[in-house]
Every structure is written in C-alpha cells, then in structure tokens.
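Quick mapping for you: the protein sequence lines, in order, are chains V and H.
Residue numbers for the first sequence follow our numbering, so the first one is 253 and each next one is one higher.
Residue numbers for the second sequence follow our numbering, so the first one is 153 and each next one is one higher.
Built from N, CA and C at the ideal position, the CB exists for glycine as well.
Inspection log for the structure reproduced underneath, given as structure tokens.
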Amino acid sequence: MPARQVLNLIKQRFNGVIHRVDIPEDSRLLLYTGRESVPDLCRFIFRDLDARYVISIGIDDRPYSGNFQVAHNFAFENHHVLCSLICNLPAEDPQIGSISPDVPAANWAEREFRDLLGIEPVGCPSMKRLVLPDGWPDGVHPLRKDVPWDFRPKDYDDNRIYDFDEPPEGCTVVPFGPFHPTLDEPSHFRLFVEGEIVRGCEYRGFMVHRGIEKLGDSVLTYNEIPVMAERICGICGCVHSVAYAQAVEQAASVRPTTRAEFIRTLMLELERLHSHLLWVGLANHILGFDTLFMQSFRMREPIMWLCERITGNRKTYGLCVIGGVRWDITPEIKADIIRVLDQLEKEWVKVANAVKGDRNLQKRTKGVGVADRTLVKEMGLIGPMARASGVPLDCRKDFPYAAYDKVEFDVITQEGCDVWSRVLVRVLEVFESIQIIRQCLERMPAGPIQLDLTDELPAGRIGLSSIEAPRGESHHFVVTGDDNRPRRWRVRAPTYQNLQGIPAMIKDKPLADMTIALGSIDPCFSCTDRMEIVDLRSGKVQIFSQQDLIRLVRSSGSAEQTV
Amino acid sequence: MNSYLMFVTQAVFNVALVLAVAPLLEGIIRKVTARVQSRQGPPLWQPYFDLAKLLTKEDIESGEAPAVQRFAGYLSLAAILTVACFVPLGSQPPLAVVGDGILLIYLLTLTGVATLLAGFAAGSTYSIFGASREMITMLALEPLFAITIVMGALKTQSLDLVGILNGSAYVSNGFPWAGTLMMVVLLFALQAFVGRVPFDIAEAETEIMEGPLVEYSGPKLALFKYSQMVKLFVYCALFAALFAPWGSGLIFPLSLAVLLLKVLILVLLVTLVAATHARLRIDQALRYYATLLGVGFVALLLALLGK
C-alpha cells in the first residue's frame, strides 16, 4: 500500500501526466511520464513531498524501444518507498529539462548522462565535463550501445587542458590532489585559499574509471557481475555485490533463501565493522593522532581474518549469486565469530570511552566540516553524514532488505552536524553492528543457501536496490535484458552524493580543516569513479607526458650535469 | 695557545657527540612510539641506516631556487651544530670564550631561518604554507629561550655562557618564583621547539605534505632530518643546562652520563606527548604559544624584581 499512497499524493496534484505506473512490490514505485512534465514533477516530489533525491540515470534504449530514457530516482523515507520517474526521449533529439535548479543534488548525475550518453540536460547550471577525461573527443558517448566496450578514440587529444575556474581575487590556488598523502586514491580539489582560509574550490575527479558498468551490459553475465561489482570498492565491495544481486532479484521477482539473507546481513555488518574501524584509524591519522590509528588497525585485523575464514579472502568475498550466496556459516566459524566479536567489543568500549573523553580530538573536530540539515537535504547527503546532522537516514530501517527486518538495532544519530558528531556516530555504530551479527547467528534458520534458478530472467524489467553501506546509501538500478545480462546497470555509491557537499563544508574555513572535513565523509573515489573506459596511460589529468616530467624534474639536476 | 687547542678539541667532541647520539634518540622515539601503538617497531639503529641511505641517493635538484635550497640544508645542520658548541655537554660550553648569551639567542633563531629559506626556495604552494606557519611559530616561540637566557644573565650579572648555562635559572640557584614559572613554560614549549606532534604544524604530512621539505629528497633531505634529530638533543641539553644542572660538576665521563640521562628523560616525555595527541591547528597552537609567552614575560618581570 505505501507505494499506492505515494502515487495518490502525486496524482492529486498532477493528474493525467503520468502515462503508466508499475508497482512491482509494495516498496517500489515506477512512474512513466512525458519529458515536458519531468522538471515540475521532480520539483513537487523533492520540495512538496520532501522526498530524498537519490540519483538520475541515462539509458540508451534505442535497440529495444528506439528511445533514450532518463530515470530520476527518489526515496520516500516516511513511506518506505523507492520511486523512479522514467521518461522516453526521441533518439534524434535526446534533450530533457534539467532538474538541477530545483534539485541541486542532481548536478553531477545530469552532467554524467550528458558526458556518457549525450543526453542534454537543458538549463543545467554547470555544464562542465564531469566524467570524461580532458582529451576525450566531443560527441563520443561511451555508454551508448553503438560504442563497443573496448573502444579507444583515435582523436584523443593529449594536449587538451581542463577549463578550470579563475580563482577569486586575492586568492591563491592550492592544488589538493590528484595525489596527496591523505587521498588514498587520485582526486583533484583545486582550492582557492586566502591566507589560511579556503574561499572556494573546484573538483575534478573521475580519474580511476574502469568501465565496470559498460562491461556489465556488454560482456559479463548476471552471475559474473556480483564478482565484478565487489571490485568497485576495496572497502565496501560486498555492499555493491549484494546491492546488485538484490536489484536483479527484485526486477525478476525472485527472493533468495532466508538463510542466504541472514548470511548477506552478517557479511554486510562484518564489512561495516572493518570499514568503521579503518575510518576511525584514518581520521585520526589525518589529525596526526597515530596511536589510535595503529590500535584501531590492530583491532580490525581479526575481523579480516574472520572474513578470510568464511569466504577465503580478506576482501572481495565472492559472496553473492542471484538468489543466494556461495558461502555458508559452519558451527566452527560461528564459534570463531562470537569469540572475535567478544574481544572486539571489550576493546572497543575502551576506545569509545577514550575518544569521548579526548579534549584534544574535540578541539580539532568540533565545529569543523559543518553540514547542516539544509545541506543534507539540498545535496542529498547520506549515511553517517546525515545521521551526524540529526537526520535518521538508514536504509536498513527505511527500506529493509536481506534480514534487517528480523534483527533489532538502533539508528545512531548525533546533532552536532560536524566532524566530531561523525566520529561519534561511527564509533557507536560499531556496537550496533556487533549486536546485529550476534542476532544473525542466533536467528539464522537452517536450509539451502541458494535458489535453484534454471529459467531465464525476464527482460526489460527494472530493479531498484538501496543498501546502507558504511559510508551511506549504495543505490543500484538495473534494467534486465537478454543474453543473460542486464541492459543497464547503474551504481550510485554514497561518496557520489557526499562529495558534492564538500565545497559548502570547507568554504571560509582554515586549510588545516580541509583534510579532516574531506576525510569525515569517508570518501571512496573509486566507488564514485566506477565507470567509463579510459586509456589508463592517457586518461590522467596531466598536461605533461612522462618524458616531459622526467626532463622537467632533472633539468637542473645532477642527471644532466653528469651527461 | 694550549687552552685554544683545548676549546677546539672540545668543540669537535661536542659536534661528534651530538652527531653520533642524535639518531639513537630518534631510534628510541620510534621504538617507544611503536610500543605505545602495540607495534614491534624498527630496530634502534634504524635512523642511522635511514640517514646513510638518504645520503647516498641521487642528489636531485627541483624547486624554484635549487642553490638556496642546498644552502638552507647546510645552514640548518651547521647552525644547530654550532649551537651544540655553546652548550655544556659534560664539560664547559667549549666556545663560550668567543660568544655570549646574545649570540646563542641568534644561533637558536638561525635553525628556524634555515627552514624558512627551504620553504620559500622550494616555491611550492605547500612549502610556502609550511614556511609561513614556521615563521609564526618562530615569532611566538623564540622569545621564550631568550627570556630564560636574559634571566640567567640577570642572575649572574653577566652574559657569559659558562655562568648562564650552569643552572642559572634553576629554582634554588636563581630566582625561585621566576625560575619555577619559566621551567614550567619551557617544559610545555619543548614539544613545539622540537616540532613534534601536536606541534608539527609546519610540516603536517597529512595536510601540507611536510611543508618546507616537500621538494627535498636524498642527501639534502638527510641534512634536514639530521638537523632535526640534533635539534632534539641540543634543546634537551640546553633545557637541562638551564634548569637542571645537577651533576654537571662531576668529573668528565660521569657528568656526560648524567646529562645523557636527563636528555633521555626529556626525550621520553616528548615521545609520550606526541603519541597521545592529535595535531593542533595553527590558530589553536598560536593561542597556546601566546599563553606561554605571557607567562614567560611575567616570569621575566618577577626576575627583574628579584623574586
């Protein structure tokens, strides 16, 4: 019924513009409309119905319906409904009114489908390139179906330079990245700094595209994709694997076995544990407090060993297949898990008390990287970012999946809106995860861990799945297809939205706070940069070739003197 | 002529001593830090290997003004080694005959100046940030040692280093109130003088990538690393000479052993503070320095009043 309630709310205001409605299950609502009504509908959904913006997806549906498609996804937390607003665009004129003026959080997603599919968001406030590298030729859109997955443009222009904004008057440019000790992955923030104060910044990322989504709809098969999906991220890989499997299962109306759902829940929580422990360590390293960094990594290690015992790997668990999981929890492993959790809980109580009482830490984190409720709403911030601002977003409660409706836990929130609150949220969530895993072990029923699926999955069906990753909601959107693979698979990792909040969080704040503000979203750039095929050699945002660099570095050095 | 030769021998001894022992202190820091962090830690002599490796690496020149950068490296080590010749290490300060308290104050500042030069010569945004932070730190901190030396000079009624650096600021020798206050102040400032967490703000690897040293590598980096290690030793010895002269009257090898023990205690203190704190922001640190400076001036006033 919830989906129908949401539908009625929309119909009361917009009658006749919705062409078709699909309600595949109670918590999913698919609306089809004409492109002229999209901006108005989105504004209404986002502003008046107070839905959360999730993501926009461009789809090349020309081989099947002759059209391009754009889907705007929204989440109705109050109704527990995920909604997708879909419209067709004629192949010869792929244009759609931009929703960014009304929904600021949609800016990246719109620029992305402009880059990758050539769908023009008319009226989008920022039209700069987002995903494609600087030298990529105009007019080539790699996610279109007529572009092969291994396509390399002949006219790639190594010398083309990204058109960065001019710094405001009185500001110097401090490049933060593409490589920086606190960034574990390449990403480029161009900071405009006046004295020690950051006045603004420009982001240029997407440097580690690996073409995963393209591979998903052209090379891989349904059951190969989960293994690829978990390679999207080195920390929350299992999240992507489960989110993808759930999206396909929802589209095809199959439900995995109950035991499999418990095992997925258990692995997701183990992943949250090691991810939060990693974050607490890294955040403290950024602040120069290396002792807690080392201790937290030491406590994390038994969890990694546990994962290795269960799945054979510390990371990349190879857990999911459509309709179930691959690895079972044996009684011996169960005993191991309980032992490790008891030990961790005992030690983490000490850490939590030490952190809560550390005034030095509070000095560096209180009032830093502030993201208030308005920013959370406007930019669609999620996960610990939202929860630390008093917004209780948690997909585990809002859109229960796997076995989360069969376990009890609290959603941890804090009201500070700052880095300190995010520290507290993550530190306390560790205890909740431990509780969830214990309940999973107790309540897990016996039974098969996989469905025996032999028939083909139906084509052209849409699946939406949201999972609470350690960093926030991971959203997967799947359109099922023929040839045993999806037609379109879109991954929206949490950092994709959270990163868009950064410029507002660091503006007019000291440069020294920039790194921890960025660190506090627990950024995961490879998650964000998951798609697109880029020649690794030329794909770097680099105006020098390797030879140029070597020559430059050594021009006045001893290397030349000895020649 | 004979005494002249003796001074030179002593100076050479001082330089050799700090060069030989400083990396070991660094090794102790690393080992103790590792233990606090539940790690095994590197062997005690690892810093010697590190320096040897850096010194034999290719000498790459980068940055805006390579000549100035090279000079800054030499200056940094030379300045702190000269300071070492003005500090009593088991015997009288060897070069006290040629310099007085004022010279020592200048020399202490010079090591900081070398870091500034390095930062500005590298010409990278990060190094200039580091240099400007270093400058702020210098302006706020350097007066503290100067105040102490002036206090010592007041007490001994002379700028002669032999007198000043023999516990002139020590509580029962000098001014009881002023001496106690100043000792506490310098104890709190020591961490900042040697640039360790929470006061490694000018280098702040995770923010500005080692700041002034961002363009340094190989032998030139070794010079700076070495001078930082020596700096820790010399500042601890200076602190001991000013505030804790016990045992300095003993015969030579014994007096040195007592001094090394005092230095070791101070180094352990620095290590533990560094292992249990997060880095401060420059504005927070500045507020901290300002407080120390304020108390320092109060101590100087008290000394002037003979308290």
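From residue 730/V to residue 363/V, what does the alpha carbon distance come to, in whole angstroms?
Whole-angstrom Cα-Cα distance: 20 Å.
Could you tell me whether any Cβ in chain H is nearer than 9 Å to the Cβ of residue 238/V?
Because chain V in this structure spans residues 253 to 815, residue 238/V falls outside the shown range and cannot be described.
Span of the beta strand (DSSP E), counted from its first residue to its last, around residue 305/V
Start and end: 304-313.
Give a yes or no on whether 9 Å exceeds the smallest Cβ distance from residue 397/V to chain H.
At a cut-off of 9 Å, the C-beta of residue 397/V has no neighbouring C-beta in chain H.
Nearest to residue 448/H (by Cα), restricted to the options 292/H, 435/H, 214/H
Checking every option, the nearest Cα to that of residue 448/H belongs to 292/H.
So the alpha helix (DSSP H) residue 221/H belongs to, where does it begin and stop?
Looking at the DSSP string, the run of the alpha helix (DSSP H) that includes residue 221/H is 218-237.
Is any beta-carbon of chain H found at less than 9 Å from that of residue 592/V?
No, because no Cβ of chain H sits closer than 9 Å to the Cβ of residue 592/V.
Would you report the Cα separation of residue 734/V and residue 465/V, rounded to the nearest angstrom?
Approximately 16 Å between the Cα atoms of the pair.
Note down the Cα distance separating residue 230/H from residue 419/H, rounded to an integer number of angstroms.
Computed Cα separation, rounded: 22 Å.
Selection from 457/V, 432/V, 428/V that minimises the alpha carbon distance to residue 443/V:
Comparing C-alpha distances from residue 443/V to each of 457/V, 432/V, 428/V shows the shortest one belongs to 428/V.
Mind pulling the chain H residues with CB within less than 7 Å of residue 448/V?
Near residue 448/V (Cβ distances below 7 Å), the residues of chain H are 434.
9 Å is my cut-off, CB to CB: does residue 353/H come that close to chain V?
Interface residue, yes.
What does the Cβ neighbour count give for residue 160/H, buried or exposed, with the cut at 16 atoms within 10 Å?
Burial state of residue 160/H is exposed, judged by a 10 Å Cβ sphere holding fewer than 16 other Cβ atoms.
Where are the alpha helix (DSSP H) runs, 4 residues long or more, that stay fully inside the stretch 399-446 of chain H, in chain order?
With a minimum length of 4 residues, the continuous alpha helix (DSSP H) runs that stay inside the stretch 399-446 of chain H are 404-427.
7 Å Cβ cut-off: residues of chain V touching residue 428/H
Correct list: 543.
Taking CB distances under 9 Å as the criterion, tell me whether residue 810/V reaches chain H.
For residue 810/V, the pLDDT reaches just 36, beneath the cut-off of 50, and the residue's location in the model is therefore unreliable, leaving the point undetermined.
Where the beta strand (DSSP E) containing residue 742/V begins and where it ends:
In this chain, the beta strand (DSSP E) harbouring residue 742/V covers 740-744.
Taking the alpha carbon of residue 258/V as the point to measure from, which residue in 328/V, 469/V, 474/V has its own alpha carbon closest?
Comparing Cα positions, the closest option is 328/V.
Give the interface partners of residue 765/V over in chain H, defined as CB-CB distance under 8 Å, in chain order.
Taking the beta carbon of residue 765/V as reference, the chain H residues within 8 Å of it are 433, listed in sequence order.
CA-to-CA distance, residue 685/V to residue 528/V, given in whole angstroms
The alpha-carbon of residue 528/V is positioned some 10 Å away from that of residue 685/V.
Kindly say whether residue 595/V, judged by its beta-carbon, lies nearer than 9 Å to any beta-carbon of chain H.
It does not: the Cβ of residue 595/V has no partner Cβ on chain H nearer than 9 Å.
Chain-ordered neighbours of residue 190/H on chain V, where CB pairs are closer than 7 Å:
Per Cβ cutoff of 7 Å: 546, 547, 550.
So, for residue 266/V: in the same chain, excluding its five sequence neighbours on each side, which residues have a beta-carbon less than 8 Å away from its beta-carbon?
In chain order, 289, 292, 293, 296 place their CB closer than 8 Å to the CB of residue 266/V, counting only its own chain and leaving out the 5 sequence neighbours on each side.
Does the contact criterion of 3 or more C-beta pairs under 8 Å hold for the stretch 381-398 of chain H versus the stretch 217-237 of chain H?
Yes, they touch.
Alpha carbon to alpha carbon, what distance is there between residue 284/H and residue 369/H?
Residue 369/H and residue 284/H have their alpha carbons spaced roughly 21 Å apart.
For a minimum of 3 consecutive residues, which ranges assigned as the beta strand (DSSP E) are wholly contained in the stretch 393-437 of chain V?
Entirely contained in the stretch 393-437 of chain V, the beta strand (DSSP E) runs reaching 3 residues are, in chain order, 424-428.
Please report how far the alpha carbon of residue 347/H lies from the alpha carbon of residue 500/V, in whole angstroms.
Rounded to whole angstroms, residue 347/H to residue 500/V spans 56 Å at the Cα level.
Alpha-carbon spacing of residue 789/V relative to residue 379/V, whole angstroms
Per-residue confidence for residue 789/V stands at a pLDDT of 38, beneath the threshold of 50, marking its modelled position as unreliable; the derived number appears in the next sentence. If I take the Cα positions, the gap works out to 26 Å.
What residues in its chain sit with their C-beta under 7 Å from that of residue 278/V, if we drop five residues either side in the sequence?
Within the same chain, residue 278/V has close Cβ partners 253, 254, 255.
Using 8 Å as the cut-off, can you tell me whether the stretch 251-266 of chain H makes contact with the stretch 399-409 of chain V, which would need three or more C-beta pairs spanning the two stretches below that distance?
The answer is no - the stretch 399-409 of chain V does not touch the stretch 251-266 of chain H, with fewer than three Cβ pairs under 8 Å.
Which residues mark the beginning and the end of the beta strand (DSSP E) in which residue 274/V is found?
It spans 270-274 - the beta strand (DSSP E) in which residue 274/V sits, taken as one unbroken run.
Three-state secondary structure (DSSP) of residue 316/V
In the structure shown, residue 316/V adopts helical secondary structure according to DSSP, grouped into three states.
Taking any Cβ of chain H, which residues in the stretch 603-614 of chain V have a Cβ under 9 Å from it, in chain order?
Contact annotation: in the stretch 603-614 of chain V, residues whose CB is within less than 9 Å of a CB in chain H are 610, 612, 613.
Use the C-beta contact count for residue 156/H: other C-beta atoms within 10 angstroms, 16 or more gives buried, fewer gives exposed.
By the 10 Å Cβ count, residue 156/H comes out exposed.
Neighbour flag for residue 185/H against chain V, beta carbons, 9 Å
Judged by the 9 Å Cβ criterion, residue 185/H is in contact with chain V.
Out of 317/H, 381/H, 177/H, 246/H, which has the shortest C-alpha to C-alpha gap to residue 398/H?
Comparing Cα-Cα distances from residue 398/H to each of 317/H, 381/H, 177/H, 246/H, the minimum goes to 317/H.
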